[in-house]
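Contents: one structure, followed by commentary.
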Amino acid sequence: SAEERDTSKVQAVLAKRLPPPFRGDFLYVPPPLTKVRAPRGAEGGVASGNGSSSSSRGAQIILSNILILLPGLGDTAAPYRKFAASMELPQTGCVSLRPPLPIPLDMGYQWFESFEPDMNLIQPKKGEKRRIRSLQKSRSILHDAIGAIRATFNLPLSRIFLFGFSQGGIVCVDTALNPPLGGLSGRIGGVIAVSSSLLEEFEEAAEGEEEEEEE
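In C-alpha cells form, the structure reads like this:
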C-alpha cells in the first residue's frame, strides 16, 4: 500500500541520518489517516503537504508532530510499535529508539551505566559519577538523533515531543533540561516521563552547589 511504501522510505532515510547507536534498532509508526474533504470535482486522493502523503480517497496521512519513544532498561524499540499505533495520536508520527549502551552479558541495552561488575545495581552515593557520566554521553547522542529526526520531517523543535518509560523517562527529563538539541536553538514541545525521576546524583550535586553558595 501507499502507506507502507511511505513508511519504508522514512525508515530508510532515518537509517542513514540517525547516530550509529540507534541505526540498528529503531522504528517509525506513521500518523493515523485523517479524513479530509476533497475539492469539488476532484477524483482520487488529496494532494499531500507538510510531510503528508495521499493514502486513499477522502483520507490522507498528515504529519504535524513527532513523538519520540524511549524504552526502559533492557528493552528494545519493537514492543513500542503496537503502543504507538494504539494511541492513534492525530497528525503525530512516532519514532522509537532502542537505548544506545549495551548491558554486560548480553542482557539488553541501557541509557546509562546501571550495574556493578557483579551485576548488582549501582547505588547512588557521594562521589558516584558513573551513571551521570554515561547519561551525559547518551544525552549527546540523543540530541543528535533529535536533530536528524527534525531534519527528516522538516518540523520545528516545538513540534517534537519525548515519551519515556523508567530509564527512558529519566533521559526525557534530562534532555529537556539540557538544550541545545541537535545543535539547534529552542526547546522541544514537551516530555512525558512514566515511572521515572531525576537521578539522585544530580539532586545531590545541586544541593552541594546550594550549600557552597550559602557559605
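The numbering of the sequence shown is my numbering, which starts it at 4 and goes up by one.
Quick reminder that beta carbons are idealized off the backbone N, C-alpha and C, glycines included.
CA-to-CA distance, residue j to residue i, given in whole angstroms
i	j	result
residue 153	residue 86	22 Å
residue 95	residue 125	37 Å
residue 188	residue 194	17 Å
residue 172	residue 138	12 Å
residue 20	residue 78	23 Å
residue 129	residue 204	8 Å
residue 34	residue 131	42 Å
residue 146	residue 176	13 Å
residue 83	residue 92	14 Å
residue 202	residue 148	22 Å
residue 157	residue 163	11 Å
residue 181	residue 65	30 Å
residue 3	residue 32	Because the chain spans 4 through 218 in this model, residue 3 falls outside it and cannot be assessed.
residue 155	residue 98	12 Å
residue 67	residue 37	12 Å
residue 143	residue 122	26 Å
residue 6	residue 26	22 Å
Continuous beta strand (DSSP E) stretch holding residue i: start and end
i	result
residue 63	62-64
residue 36	36-38
residue 196	193-197
Sheet register partners of residue i (DSSP bridge)
i	result
residue 31	98
residue 70	97, 164
residue 17	The partner list for residue 17 (beta bridge, DSSP) is empty, contrary to what the question assumes.
residue 2	In the structure displayed, the chain extends from 4 to 218; residue 2 sits before or after that span and is not available.
residue 105	112
Exposure label - residue i; buried when at least 16 CB within 10 Å
i	result
residue 14	exposed
residue 151	buried
residue 23	exposed
residue 88	exposed
residue 196	buried
residue 200	exposed
residue 141	buried
residue 102	buried
residue 134	buried
residue 18	exposed
The ligand MN heavy atom lying under 7 Å from the CB of residue i
i	result
residue 9	As far as ligands go, the structure on display features none, and thus does not contain the ligand MN.
Start-to-end residues for the alpha helix (DSSP H) that takes in residue i
i	result
residue 170	170-180
residue 110	Looking at the DSSP string, residue 110 is not in any alpha helix (DSSP H), and its letter there is neither H nor E.
residue 129	Neither: residue 129 is in no alpha helix (DSSP H) and is coded neither H nor E.
residue 86	83-90
residue 26	23-26
Okay, do the region 60-73 and the region 163-172 touch, 3+ Cβ pairs below 8 Å being the bar? The region 60-73 vs the region 163-172: in contact.
Could you check whether the region 117-133 touches the region 94-107, counting it as contact only if at least three pairs of C-beta atoms, one from each stretch, sit closer than 8 Å? Taking a contact to require three or more Cβ pairs closer than 8 Å, the region 117-133 and the region 94-107 qualify as touching.
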